[in-house]
Amino acid sequence: MRDIRRELGALIREYRVKKDLTQLNLAEKLGYDSTQFVSLFERGLSKVPNNVLGQLIVILGIPEKKVLDTLMKAYEVNLKSEISSGKKAAKNA
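The sequence shown runs 253 to 345 under the numbering used here.
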């Protein structure tokens, strides 16, 4: 799941830079006093809460489809891996 966080964080950073916003500018728009929150999710170290994701889509102008595609692709890979693991366990039981 860390890969999805990194990929989403990179997307957020890309659009933040395009909007010429600093991490502090963005943090303030999200209602935070510090850049730590933005820094953590841009580096993929923290999950972006879904309600914050909605704010980021509006504030940064990220196409919602791009965000959803990124999330769905990552979840699909993770889900397929978990299903495969379950199948293997069932065959060995």
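Built from N, CA and C at the ideal position, the CB exists for glycine as well. As the structure is a prediction and not an experimental result, all values here were calculated from the model.
| Over what stretch of residues does the alpha helix (DSSP H) that includes GLY306 continue unbroken? | Here the alpha helix (DSSP H) through GLY306 covers 302-312.
| Span of the alpha helix (DSSP H), counted from its first residue to its last, around LYS349 | With the chain covering 253 to 345 only, the question about residue 349 has no answer from this structure.
| message | Do ILE256 and ALA326 count as a contact pair if the criterion is CB distance below 8 Å? | response | Yes, Cβ-Cβ distance for ALA326 and ILE256 is below 8 Å.
| Can GLY313 and TYR267 be called in contact, C-beta distance under 8 Å? | Yes, Cβ-Cβ distance for GLY313 and TYR267 is below 8 Å.
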